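Peer 1:
Number of protein chains: 2
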Amino acid sequence: MTVEVVSRARCFGGEQRVLRHHSRETGTEMRFAAFLPPQALGGAKVPVVWFLAGLTCTEENFTVKAGAQRVAAELGLLLVAPDTSPRGDGVPDDPDKAYDFGLGAGFYVDATQEPWKQNYRMRSYVERELPELVGAALPADLSRQGIMGHSMGGHGALTIALRNPGRFAAVSAFAPICSPLRCPWGEKALGGYLGPDRAAWRDYDATALIEDGARVADILVDQGTADGFLESQLKPELLEEACGKAGIPLTLRRQEGYDHSYFFIASFVEDHLRWHARRLGLA
Amino acid sequence: MTVEVVSRARCFGGEQRVLRHHSRETGTEMRFAAFLPPQALGGAKVPVVWFLAGLTCTEENFTVKAGAQRVAAELGLLLVAPDTSPRGDGVPDDPDKAYDFGLGAGFYVDATQEPWKQNYRMRSYVERELPELVGAALPADLSRQGIMGHSMGGHGALTIALRNPGRFAAVSAFAPICSPLRCPWGEKALGGYLGPDRAAWRDYDATALIEDGARVADILVDQGTADGFLESQLKPELLEEACGKAGIPLTLRRQEGYDHSYFFIASFVEDHLRWHARRLGLA
Chain S
1 MTVEVVSRAR CFGGEQRVLR HHSRETGTEM RFAAFLPPQA LGGAKVPVVW FLAGLTCTEE
61 NFTVKAGAQR VAAELGLLLV APDTSPRGDG VPDDPDKAYD FGLGAGFYVD ATQEPWKQNY
121 RMRSYVEREL PELVGAALPA DLSRQGIMGH SMGGHGALTI ALRNPGRFAA VSAFAPICSP
181 LRCPWGEKAL GGYLGPDRAA WRDYDATALI EDGARVADIL VDQGTADGFL ESQLKPELLE
241 EACGKAGIPL TLRRQEGYDH SYFFIASFVE DHLRWHARRL GLA
Chain P
284 MTVEVVSRAR CFGGEQRVLR HHSRETGTEM RFAAFLPPQA LGGAKVPVVW FLAGLTCTEE
344 NFTVKAGAQR VAAELGLLLV APDTSPRGDG VPDDPDKAYD FGLGAGFYVD ATQEPWKQNY
404 RMRSYVEREL PELVGAALPA DLSRQGIMGH SMGGHGALTI ALRNPGRFAA VSAFAPICSP
464 LRCPWGEKAL GGYLGPDRAA WRDYDATALI EDGARVADIL VDQGTADGFL ESQLKPELLE
524 EACGKAGIPL TLRRQEGYDH SYFFIASFVE DHLRWHARRL GLA
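Next comes the structure, spelled out in C-alpha cells:
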C-alpha cells in the first residue's frame with residue numbers, strides 16, 4: 001500500500017498531486033490525481049469529492065481542463081480523480097483498439113469474462129481500494145464524501161452512489177451514460193466485461209438499480225443540448241423516468257448549445273462543487 | 284485572408300473557437316484560438332487580450348488549461364491565443380529536435396538567418412497579420428487591446444508592447460524570460476534566428492528596449508519562487524532593475540512555492556484579466 005508522489009504543483013494556494021501505486025485489484029500500477037486544498041495543507045482532514053472521467057481519459061483530463069481547483073480551494077474540498085482503466089504491458093485491450101472498450105474504457109465494472117477479469121476490476125478499485133489508499137495517504141475525511149463524473153464516469157458516479165447507500169452525501173454528473181443496458185457503448189462494454197447474461201448488467205445501470213430499489217437523496221445532472229452523444233448514448237430521459245417513478249429528486253439541467261467537452265464541464269463545475277459542499281455541510 | 288473555423292464549443296455562455304488560415308508571413312497554415320465572450324456573441328465588438336504561450340506550446344495550452352474563459356466571459360474580453368511557431372512540411376526544425384529552438388519555439392522574432400528566415404516570422408505574424416485577421420473575422424474592438432504571455436510568451440508580450448507604444452492599454456506576464464540577451468534560451472534562439480551580431484537582438488529584449496528608451500504605462504508580472512527556470516533563464520531582477528531606472532511602475536509578485544506550470548497560470552490569470560479590464564475601461 002505504498003503511494004508514491006509522481007508530481008506536485010502549487011495551485012490556488014493548495015497542491016495538485018499525481019500519485020501512483022501498485023493496485024491489488026487491477027494487478028497493475030495505477031495513477032490518480034489529488035488536489036489538496038489549502039485547508040488540508042494546514043493538516044486538517046477535509047471532505048473528499050471523487051471525479052470519475054469518461055472514455056479515453058486518464059487522471060489528467062479533469063485535473064488540467066476542468067478548472068475545479070479554484071472552487072475546491074475556496075470550499076476546502078479534496079478532489080480525487082482516478083484513471084479510467086488498468087494500463088501497462090500485459091493488460092489486454094480491445095482487439096480493434098477502439099476507444100470505447102479496453103484501455104481508457106474500464107466502465108467502473110469488475111469484469112467476469114476472459115481475458116478481462118484479471119485486470120479490469122475498476123469497481124473494486126474505485127469503491128474499495130482507492131478509498132483505503134486515500135484515507136491512509138492523504139488528509140481525507142472519509143465520513144464526508146461526494147462523487148461526480150462525466151459520461152462513462154457519470155455512469156460510474158451514479159451507480160457507485162446507488163450501490164453504496166449512505167456513503168456519499170452528494171452525487172452529480174455531467175452528461176452521464178444513464179442506462180448502459182440501452183445504448184451501444186453500454187452494450188459493447190457490459191457485454192464484453194460481463195458476458196451475455198443481461199441480468200448481471202443491472203448492477204451497473206443507474207436506471208436498473210433504481211428500478212430494483214436503490215436510492216440516493218437527490219441527483220444533479222447537467223447535459224448539453226448540442227452533445228453529439230445525447231440521443232444515441234446518454235439518454236437522460238431514461239434517468240428522468242426512473243427517478244420520477246422512484247421519487248428521487250433529480251435536478252436535470254439541459255444546457256443550451258453545450259457539447260460533450262471539458263469546456264462544458266468547466267462551465268458548470270462550480271455549480272456541482274457548491275452542490276456537493278452544501279450537502280457536505282460546508283456552505 | 285480566409286479564416287476557417289476548425290472547432291467551436293460553447294463555454295461559460297460564450298464560444299471557444301479554433302481557427303486556421305494560410306499565413307502570408309510564415310508561408311504556412313497557422314492556427315489560433317479565440318474565445319468570444321457572451322457579449323460578442325450578441326454582436327458587440329469587445330476588447331481583445333492576446334495571450335502568447337511558451338516553449339513547446341500551441342494555441343491549445345492556454346485555451347484548455349488556464350481557466351481564463353470564466354473571467355473573460357464575465358468581463359467581456361475576447362481572448363486570442365496564437366501558436367508559437369510555424370509548423371508543417373518543409374518548415375525547418377532544430378537539428379537536434381530540441382524543445383527550445385525551431386518548432387514550438389519561434390520566440391516571436393522575425394528571423395534573418397538561413398534556413399529560418401522564410402518561415403520564422405512570428406513578430407510580423409503576431410504584430411501585424413494576426414490583428415488584421417482578427418479585426419476582419421471576429422467581433423474585436425482593436426482600439427482596446429491588452430497583451431499577456433507566459434515564459435517565452437511573456438518575453439513576447441513585453442517586447443511587443445514596448446515596441447508598439449500606445450497600442451496596448453495593458454501588458455502583463457507570467458514567469459517571463461526577461462532578458463534573452465542574458466540567458467541560455469535567449470542566446471540560443473536569438474543567435475540562431477538573428478545571427479551573432481548582438482546589437483540586432485536588442486529589439487527582442489525587454490530590458491534592452493527599456494534601456495534604449497521604450498516605455499509602457501505599467502507592467503504586472505507574476506513569478507513563482509519554485510520555478511525551476513527562475514535563476515538560470517527568467518531573471519525577473521533584470522526587469523526590475525530596468526523598470527526601476529526607467530521609472531516604469533512594475534508590479535512584480537513573487538508567488539511562494541509556485542512552479543512554471545499552467546497550475547501557476549490558472550491560479551493568477553483572474554488577477555491578470557482584471558488588471559487588463561481596468562486598463563481597458565471595463566471594470
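From first to last, the protein sequence lines stand for chains S and P.
Start counting the first sequence at 1; every next residue gets the next number (our numbering).
Start counting the second sequence at 284; every next residue gets the next number (our numbering).
Glycine included, C-beta positions come from ideal geometry on N, C-alpha and C.
Predicted model, so just to flag it, every value in this text is computed and none were measured.
1. Do you know whose CA, among S/143, S/203 and S/135, lies nearest residue 157 of chain S's CA?
2. Identify the contact partners of residue 245 of chain S in chain P, using a Cβ-Cβ distance below 7 Å as the criterion.
3. DSSP state of residue 450 of chain P, grouped into three classes?
4. Mark residue 482 of chain P as exposed unless 16 or more other C-beta atoms lie within 10 angstroms of its C-beta, in which case mark it buried.
5. Go ahead and label residue 433 of chain P buried or exposed: buried means 16 or more other beta carbons lie within 10 angstroms of its beta carbon, across all protein chains shown.
6. Can you tell which of S/13, S/121, S/207 and S/103 has its C-alpha closest to the C-alpha of residue 111 of chain S?
7. Bridge partners of residue 268 of chain S, per DSSP?
8. Can you give me the Cβ contacts of residue 283 of chain S inside the same chain, cut-off strictly under 6 Å, excluding the 5 residues immediately before and after it?
9. What number of angstroms, rounded off, separates the C-alpha of residue 313 of chain P from the C-alpha of residue 368 of chain P?
10. Nearest CA to the CA of residue 54 of chain S: which residue from S/154, S/131, S/64 and S/24?
11. Could you check whether the Cβ of residue 516 of chain P sits closer than 8 Å to any Cβ belonging to chain S?
12. Might you give, ordered along the chain, the residues of its own chain that have their beta carbon closer than 6 Å to the beta carbon of residue 295 of chain P, omitting 5 neighbours on each side?
13. Specify whether the segment 35-46 of chain S and the segment 135-145 of chain S touch according to this definition: at least 3 beta carbon pairs, one from each stretch, less than 8 Å apart.
14. Answer yes or no: does any C-beta atom of chain P fall closer than 8 Å to that of residue 227 of chain S?
15. Alpha carbons only, please: which of S/90, S/21, S/145 and S/81 is nearest the one belonging to residue 118 of chain S?
16. In this structure, what does DSSP give as the bridge partners for residue 50 of chain S?
17. Look at the Cβ atom of residue 174 of chain S, then the Cβ atom of residue 264 of chain S, and state whether they are nearer than 8 Å.
18. Taking only the alpha-carbon atoms, compute the straight-line gap between residue 318 of chain P and residue 182 of chain S and give it to the nearest angstrom.
19. What are the partner residues of residue 224 of chain S, as DSSP defines its beta bridges?
20. Going by beta carbon distance, what residues of the same chain come within less than 8 Å of residue 467 of chain P, once the five residues before and after it are set aside?
21. Give me, in chain order, the residues of the same chain whose beta-carbon lies closer than 6 Å to that of residue 333 of chain P; leave out the 5 immediate sequence neighbours on both sides.
22. Looking only at its chain, what residues have a beta carbon closer than 7 Å to the beta carbon of residue 130 of chain S, apart from the 5 residues adjacent to it on each side?
23. Measuring only the C-alpha atoms, how far is residue 528 of chain P from residue 534 of chain P?
24. Along the chain, where does the beta strand (DSSP E) that runs through residue 316 of chain P open and close?
25. From the DSSP output, which residues share a beta bridge with residue 14 of chain S?
26. Specify the secondary structure class of residue 261 of chain S as computed by DSSP and reduced to three states.
27. Inspect the beta-carbon positions of residue 558 of chain P and residue 503 of chain P and report whether they are closer than 8 Å.
28. Please go through the same chain and pick out, in chain order, the residues whose beta-carbon is closer than 7 Å to the beta-carbon of residue 499 of chain P, but skip the five residues on each side of it.
29. According to DSSP, is residue 107 of chain S part of a helix, a strand, or is it coil?
30. From residue 510 of chain P to residue 104 of chain S, what does the alpha carbon distance come to, in whole angstroms?
31. Alpha helix (DSSP H) containing residue 422 of chain P: first to last residue?
32. For residue 253 of chain S and residue 222 of chain S, which I take to be in contact (beta-carbon distance under 8 Å), what is that distance rounded to the nearest angstrom?
Peer 2: In this structure, then:
1. Within the first sequence, numbered from 1, the residue matching residue 157 of chain S stands at position 157. With respect to the C-alpha of residue 157 of chain S, the residue from S/143, S/203 and S/135 having the closest C-alpha is S/203.
2. To locate residue 245 of chain S, count along the first sequence from 1; it is residue 245. Per Cβ cutoff of 7 Å: no residues; residue 245 of chain S is ~32 Å from chain P at best.
3. For the purposes of this step, residue 450 of chain P is taken as residue 167 along the second sequence, with counting starting at 1. In the three-state scheme derived from DSSP, where H, G and I count as helix and E and B as strand, residue 450 of chain P is classed as coil.
4. Looking up residue 482 of chain P in the second sequence gives position 199. When all chains shown are included, residue 482 of chain P counts as exposed.
5. As a working mapping, residue 433 of chain P is identified with position 150 in the second sequence. Under this definition residue 433 of chain P is a buried residue.
6. As a working note, residue 111 of chain S is residue 111 in the first sequence. Nearest option by C-alpha distance: S/121.
7. Taking the first sequence and counting its residues from 1, the one referred to as residue 268 of chain S is at position 268. Per DSSP, none; premise fails for residue 268 of chain S.
8. Residue 283 of chain S sits at position 283 when you count from the first residue of the first sequence. Result list for residue 283 of chain S: 277, in chain order.
9. Residue numbering aside, residue 313 of chain P sits at position 30 when the second sequence is read from its first letter. Residue numbering aside, residue 368 of chain P sits at position 85 when the second sequence is read from its first letter. The alpha-carbon atoms of residue 313 of chain P and residue 368 of chain P are separated by roughly 9 Å.
10. Position 54 of the first sequence, counted from the start, is the residue given in the question as residue 54 of chain S. Checked all of S/154, S/131, S/64 and S/24; the closest Cα to residue 54 of chain S is S/154.
11. Position 233 of the second sequence, counting from 1, holds the residue named residue 516 of chain P. False, the Cβ-Cβ gap to chain S never drops below 8 Å.
12. What you label residue 295 of chain P is simply residue 12 of the second sequence in a count that begins at 1. Counting only Cβ-Cβ distances below 6 Å, and skipping sequence neighbours, we find 352, 353 and 356.
13. Contact holds between the segment 35-46 of chain S and the segment 135-145 of chain S, because three or more Cβ pairs, one in each stretch, are under 8 Å apart.
14. The residue you call residue 227 of chain S lines up with position 227 of the first sequence. Chain P has no Cβ within less than 8 Å of the Cβ of residue 227 of chain S.
15. Residue mapping note: residue 118 of chain S aligns to position 118 of the first sequence, counting from 1. Considering only alpha carbons, the answer is S/90.
16. Your numbering for residue 50 of chain S matches position 50 in the first sequence. DSSP, once it has assigned bridges, lists S/80 and S/147 as partnering residue 50 of chain S.
17. Locating residue 174 of chain S in the first sequence gives position 174, counting from the first residue. Locating residue 264 of chain S in the first sequence gives position 264, counting from the first residue. For residue 174 of chain S and residue 264 of chain S, yes; Cβs fall inside 8 Å.
18. Within the second sequence, numbered from 1, the residue matching residue 318 of chain P stands at position 35. Within the first sequence, numbered from 1, the residue matching residue 182 of chain S stands at position 182. When rounded, the distance between both Cα atoms is 37 Å.
19. For this step, residue 224 of chain S is matched to residue 224 along the first sequence. The partner list for residue 224 of chain S (beta bridge, DSSP) reads S/255.
20. Residue mapping note: residue 467 of chain P aligns to position 184 of the second sequence, counting from 1. Hits under 8 Å: 515 and 516.
21. Walking along the second sequence from the start, residue 333 of chain P turns up at place 50. The beta carbon of residue 333 of chain P is closer than 6 Å to those of 363 and 430 in its chain, skipping five residues each way along the sequence.
22. Here residue 130 of chain S refers to the residue found at position 130 when the first sequence is read from its first residue. Here the set comprises 32 and 82.
23. The residue labelled residue 528 of chain P in the question sits at position 245 within the second sequence. The residue labelled residue 534 of chain P in the question sits at position 251 within the second sequence. Computed Cα separation, rounded: 15 Å.
24. Counting from 1 along the second sequence, the entry for residue 316 of chain P is found at position 33. Here the beta strand (DSSP E) through residue 316 of chain P covers 312-319.
25. If you number the first sequence from 1, residue 14 of chain S lands on position 14. Looking at the DSSP output, residue 14 of chain S bridges to S/11.
26. Translated into positions along the first sequence, residue 261 of chain S becomes position 261. In the structure shown, residue 261 of chain S adopts coil according to DSSP, grouped into three states.
27. By one-based count along the second sequence, residue 558 of chain P stands at place 275. By one-based count along the second sequence, residue 503 of chain P stands at place 220. Taking 8 Å as the Cβ cut-off, residue 558 of chain P and residue 503 of chain P qualify as a contacting pair.
28. Taking the second sequence and counting its residues from 1, the one referred to as residue 499 of chain P is at position 216. 444, 445, 454 and 531.
29. Here residue 107 of chain S is taken as the residue at index 107 of the first sequence, counted from 1. In the three-state DSSP reduction, residue 107 of chain S falls in the coil class, being neither helix nor strand.
30. In the second sequence, counting from the first residue as 1, residue 510 of chain P sits at position 227. In the first sequence, counting from the first residue as 1, residue 104 of chain S sits at position 104. Residue 510 of chain P and residue 104 of chain S have their alpha carbons spaced roughly 32 Å apart.
31. What you label residue 422 of chain P is simply residue 139 of the second sequence in a count that begins at 1. Residue 422 of chain P -> no alpha helix (DSSP H), and no H or E assigned at all.
32. Position 253 of the first sequence holds residue 253 of chain S. Position 222 of the first sequence holds residue 222 of chain S. Sure, about 5 Å apart at Cβ, within 8 Å.
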